[in-house]
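Following: one structure in structure tokens, then a few remarks.
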Amino acid sequence: MARSRWMGASAAGGRGAAFSAARPTLLPFGCSITGVAGRQLWNSTTVTSTAVRAGSQVIPVASAAAFVVGGWAQVALCTAEPWMSRVTAVDTAATPNTVTVADPLPESLLPNNPVHYQAASVSTPSSQHIKTSLWVGANAELGGVVEVLPAYSYTGARQDAMLPALARLLRLYRPKYVALNLVENDVNGSVSLPRIVELSRQAVRSCLNAGATPLVCSCVPATQFSDSRSSLVEGYLSWVRQVGSELPGAVGVDLTTPWRDASLPGYQPLAGYTDGIHPSASRWHTTAQPFVSVLQQLEGARPSLADLALTYWDMSGAGGTAAALQAGSVVPTGWTISAEAGVIATTTKIANDKPRIQYSVPGASNASTTRLFVRQPNVAIPDYYVGKYMTAFMKARFDQIANLSMAVMSLTFNSGEVVYWGNYNGQATDPALVGRTLVMETPAFRVPANATTMTLELALRPLNIASPSGVSVDMTIDSAGLLPASAGNSYDNGWR
0 MARSRWMGAS AAGGRGAAFS AARPTLLPFG CSITGVAGRQ LWNSTTVTST AVRAGSQVIP
60 VASAAAFVVG GWAQVALCTA EPWMSRVTAV DTAATPNTVT VADPLPESLL PNNPVHYQAA
120 SVSTPSSQHI KTSLWVGANA ELGGVVEVLP AYSYTGARQD AMLPALARLL RLYRPKYVAL
180 NLVENDVNGS VSLPRIVELS RQAVRSCLNA GATPLVCSCV PATQFSDSRS SLVEGYLSWV
240 RQVGSELPGA VGVDLTTPWR DASLPGYQPL AGYTDGIHPS ASRWHTTAQP FVSVLQQLEG
300 ARPSLADLAL TYWDMSGAGG TAAALQAGSV VPTGWTISAE AGVIATTTKI ANDKPRIQYS
360 VPGASNASTT RLFVRQPNVA IPDYYVGKYM TAFMKARFDQ IANLSMAVMS LTFNSGEVVY
420 WGNYNGQATD PALVGRTLVM ETPAFRVPAN ATTMTLELAL RPLNIASPSG VSVDMTIDSA
480 GLLPASAGNS YDNGWR
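Okay, here's the thing in structure tokens:
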């Protein structure tokens, strides 16, 4: 039968309780470039009407009609960190409408910032997903060799606005590595090269003084980085290449050249790789490749997470449930694999007792109606897990992919909270996924106090294509489970 292992975590809890890090930790820190390796709130009831300063408890919104006193307001701060607080007042007569919360905002909110209402008592923001480029994608490819901490990603910020937060996060997380994506807005704002480099030196020294290894990234290509800013991009790249000599212990990472279009003036990206500056979902794994080599040199690769898992499912056995699969399909014990109408799916066992899944849609395909699901359903949650920080993972190999939009791995609690990996249209169209084994890992979460069961799921969602769609996937699942996480979020006031 499938092996499901519960390891006795400490029952001690209380506010802010966390496991110590079981893996080396990596903190992504920087401007919005870092956001493609960060978490985001997935649901949004409304948006902010204007920017809101840190310290405010009044949030102007487009519509407050859905908010009720006593519920939760969930927001993504300007740093992309999720935050939540109890609603204490709602004014739908004011222009704009306002929602007042119990706690002062720890960071500002940007205009048109998502704001979500959650009526139930929850322990974490109710629905989060993690983008999977840069360090997250590299870590997935290397078997989850590090724990990627919640990213600090300040949209539109220059270095001088971000550096005060770095000291706080270094004290809080005590990371082994800090990935620094600092300078794109400085370059775009034509800050002088000496000033850009000096501010980066400050960040590097802060990391080194805190015992962390700074991974200093050069400026990514962008459509606005034409000839007029080439000298800034080139000058910073030259500094990054020798940063380890100037500041021993620092590691330089070249993000300037891997997806630059050399046929265009300046430092502009290859077509299809970005939205102009941020890596596109269809190239998230491709743009993670520079980090794969860096992390591999620093930490190697992890062949298995079995030794760290608090709960571990090894996909063995053949007593699971097959729903609408082809005759003769074999499903691991304790698991359910199901196909929707119009899908042809077969599951078999390969030599190491792992399930091979072959999925296709011969007719018209639709991301919402021709899906395949792999589930470990309704797993009971031990009392001693409540309040602890964890992540969920699934290790899988994708040998062939055609016209797949997403491979979404998620963990859903019966109290309503959901965390996702890969929940983004077009992510699975990246050719870099094919032939690779990945450890898909959710954002860190705190096990909800009101949850009694949880369901782990992998959903294959195709592109929307008329018949014949040509959708097909050939993959193998190795294992899945829960891992200890060192922290869920740097602002913990609402995570109770």
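For the sequence shown, position 364 matches number 363 in numbering that gives the first Met the number 0, and the numbering has no gaps at all.
From the three backbone atoms N, C-alpha and C, an ideal C-beta is built for every residue, glycine too.
The segment 465-484 and the segment 391-404 touch, with no fewer than 3 CB-CB distances between them shorter than 8 Å. If you ignore the 5 residues before and after HIS277, its C-beta comes within less than 6 Å of the C-beta of VAL35, all in its own chain and listed in chain order. For THR91 and ALA63, the gap between their C-alpha atoms comes out near 6 Å. Under the three-state reduction of DSSP output, TYR423 falls in the coil class, being neither helix nor strand.
The segment 446-461 and the segment 407-421 touch, with three or more beta-carbon pairs separated by less than 8 Å. Within the segment 261-311, the runs of alpha helix (DSSP H) that reach at least 4 residues and sit entirely inside it are, in chain order, 288-298. Contact between the segment 239-249 and the segment 48-55 is absent: fewer than three C-beta pairs spanning the two stretches fall below 8 Å. Taking a cut-off of 8 Å for Cβ pairs, the segment 70-80 and the segment 458-468 do not touch, as fewer than three such pairs fall below it. Assignment of ALA178 by DSSP, reduced to helix, strand and coil, places it in the strand class.
Taken atom to atom, the span from the alpha-carbon of GLY29 to that of GLU140 is near 23 Å.
Looking at VAL418, ALA395, SER43, SER404, the one whose alpha-carbon comes closest to that of GLY142 is ALA395. Between the alpha carbons of THR454 and TRP134 lies a distance of about 27 Å. Residue pairing for SER364: DSSP places it in a beta bridge opposite ILE464. The segment 305-319 makes contact with the segment 349-364; the number of CB pairs closer than 8 Å reaches 3 or more.
Taking VAL378 as reference, the option from PRO442, VAL407, ALA340, THR310 with the minimal CA-CA separation is THR310. Ranked by how close their Cα comes to the Cα of GLY341, the residues MET314, PRO174, ILE380, GLY469 have GLY469 in first place.
Residue burial is scored here from C-beta neighbours: ASP313 has at least 16 other C-beta atoms within 10 angstroms and is therefore classed as buried. The beta carbon of ALA261 sits closer than 6 Å to none of the beta carbons in its chain outside the five residues before and after it.
Fewer than three pairs of CB atoms, one per stretch, sit closer than 8 Å, so the segment 333-349 makes no contact with the segment 172-191. DSSP links GLU456 through a beta bridge to ARG374, SER409.
The DSSP assignment places 133-140 as complete runs of the alpha helix (DSSP H) inside the segment 89-166, in order along the chain (cut-off: 4 residues).
Secondary structure of ASP473 (DSSP, three-state): strand. Check the Cα spacing between ASP429 and each of GLU440, ALA443, LEU462: the tightest is with LEU462. Contact annotation: the segment 104-115 touches the segment 65-76, with at least three C-beta pairs closer than 8 Å. The residue among VAL330, ILE32, VAL46, GLN127 with its C-alpha nearest the C-alpha of THR441 is GLN127. By the criterion of at least three beta-carbon pairs nearer than 8 Å, the segment 240-254 is in contact with the segment 207-215.
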